[in-house]
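Scroll down for the structure; my scribbles are underneath it.
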Amino acid sequence: MTQGRVDLDSSVGLALKRAAAALRSAMDDALRPLDLSVPQYACLEQLQHRPGMSAADLARATFVTRQSAHTTLQGLEQRGLLDRPAQAPSGRALPTRLTPAGADLLARASLDVANVEAAMLASLGEVGAQRLREDLVTCTASLEGRKPLDAPPPAPPG
Numbered sequence: 001m002t003q004g005r006v007d008l009d010s011s012v013g014l015a016l017k018r019a020a021a022a023l024r025s026a027m028d029d030a031l032r033p034l035d036l037s038v039p040q041y042a043c044l045e046q047l048q049h050r051p052g053m054s055a056a057d058l059a060r061a062t063f064v065t066r067q068s069a070h071t072t073l074q075g076l077e078q079r080g081l082l083d084r085p086a087q088a089p090s091g092r093a094l095p096t097r098l099t100p101a102g103a104d105l106l107a108r109a110s111l112d113v114a115n116v117e118a119a120m121l122a123s124l125g126e127v128g129a130q131r132l133r134e135d136l137v138t139c140t141a142s143l144e145g146r147k148p149l150d151a152p153p154p155a156p157p158g
């Protein structure tokens, strides 16, 4: 960056944004035959790992607004991919669970998304892919103002 201008050729943030956009586009293409969007897939994946999440929990976990999560959940519920009780067992949150149909569709979608990720990382090799993941975790922690758990110790002054 010189004199307040971003060098587009060397901007890490811009490269990361381009990679995220390309990943999203490839995931959209992979999920389209299953009639799933990336946010719908993300909700199903979260529910597979954390059954009983509320719409608010899912919104936080999938980086969308509560309203968007609620709309996504309604669509998935109408398709018979998840189940929510008519009334909350306590409080206002409706715990959400995958149905067998949702779990079956998620299994196919997860395979398709794993193939997209494998294609994205193929040219990096196993060590390069692991390094990229670690570096992204470190960058995220830095922006969130916390120290990454697996950060190397600081170099001695010298």
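Mapping the sequence shown onto our numbering, position 43 (from 1) lands on 43, and the numbers just tick up by one.
A virtual CB, placed ideally from N, CA and C, is assigned to each residue, including glycine.
- Residue state for R66 is assigned as helix, using DSSP reduced to three classes.
- Non-local beta-carbon contacts of A56 in its own chain, meaning distances under 8 Å to residues more than five positions away in sequence, involve R66, A69, A93 in chain order.
- If you look at D104, you'll find it in the alpha helix (DSSP H) that goes 100–121.
- In this structure, T71 and Q46 do not form a Cβ contact; the two beta carbons are roughly 16 Å apart against a cut-off of 8 Å.
- Going by C-alpha positions, R18 is about 34 Å away from R97.
- By the Cβ rule, the region 99–106 counts as touching the region 79–88, because three or more pairs are nearer than 8 Å.
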